[in-house]
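Engineer:
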Amino acid sequence: MAVAAGACLLVIFLAWLAGPGLFGIKNEKQGTTVRAEVVQPVPCAGGATTETVKFEFGGRPMEGSLNACGHGKGERLDVVVPDGAAGDAVSVHAADAAAGASDARRPVGLALLVFSCFAGGMYVFLVLRGPRRLATA
């Protein structure tokens, strides 16, 4: 029983040390943050939500499409340009935007790991205890 409990604690400790990558969480940004200027703004009232921005990337001026709305013409903002971006149709996103990641995934994943270790330990306990006979009166 102690071996099962020790193994569970070891698994949980190693999962904690492995970090967020164990549960498919990526913290690093995929691209380079640059300063951009809004060239063609789009109001948020309309159906279109793609603005045109210009920025300098790799030592040359570029234009890109930003999936946003409500900025003013000439407004400056930080955008993330994907690695290896080239050509005229570059799609960028705001540097402070989250790409759908949730920081709650790591604690939930660790909690599920703890519960599965507990269930495995209880199974080991029940197997080692053996079958119980009902007392008849």
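In UniProt numbering, the protein residues as written are 1 to 137. Even for Gly, the Cβ is constructed at its ideal location relative to N, Cα and C.
I believe residue 34 touches residue 55 by the beta-carbon criterion, under 8 Å. Please report the beta-carbon distance rounded to the nearest angstrom.
Structural biologist: About 5 Å separates the two Cβ atoms, so the contact holds.
Engineer: What do you reckon, are the CB atoms on residue 121 and residue 45 nearer than 8 Å?
Structural biologist: Result no, Cβ atoms of residue 121 and residue 45 do not sit closer than 8 Å.
Engineer: Quick one: grab the DSSP three-state call for residue 129.
Structural biologist: Residue 129: helix per DSSP, three-state reduction.
Engineer: Reducing DSSP to helix, strand and coil, say where residue 82 ends up.
Structural biologist: Reduced to three states, the DSSP call for residue 82 is coil.
Engineer: Return the CA-CA distance between residue 96 and residue 63, expressed in angstroms with no decimal places.
Structural biologist: Approximately 19 Å, taken between the alpha carbons.
Engineer: Roughly how many angstroms separate the alpha carbons of residue 67 and residue 8, rounded to a whole number?
Structural biologist: Answer to the nearest angstrom: the Cα atoms are 45 Å apart.
Engineer: Between 77, 51 and 65, which lies nearest to residue 85 when the distance is taken from Cα to Cα?
Structural biologist: The residue with the shortest Cα to Cα distance from residue 85 is 65.
Engineer: Do residue 75 and residue 39 have their CB atoms nearer than 8 Å?
Structural biologist: Taking 8 Å as the Cβ cut-off, residue 75 and residue 39 do not qualify as a contacting pair.
Engineer: For residue 94, which residues does DSSP report across the bridge?
Structural biologist: Per DSSP, 79.
Engineer: DSSP has residue 66 in a bridge; who is on the other side?
Structural biologist: The partner list for residue 66 (beta bridge, DSSP) reads 51 and 92.
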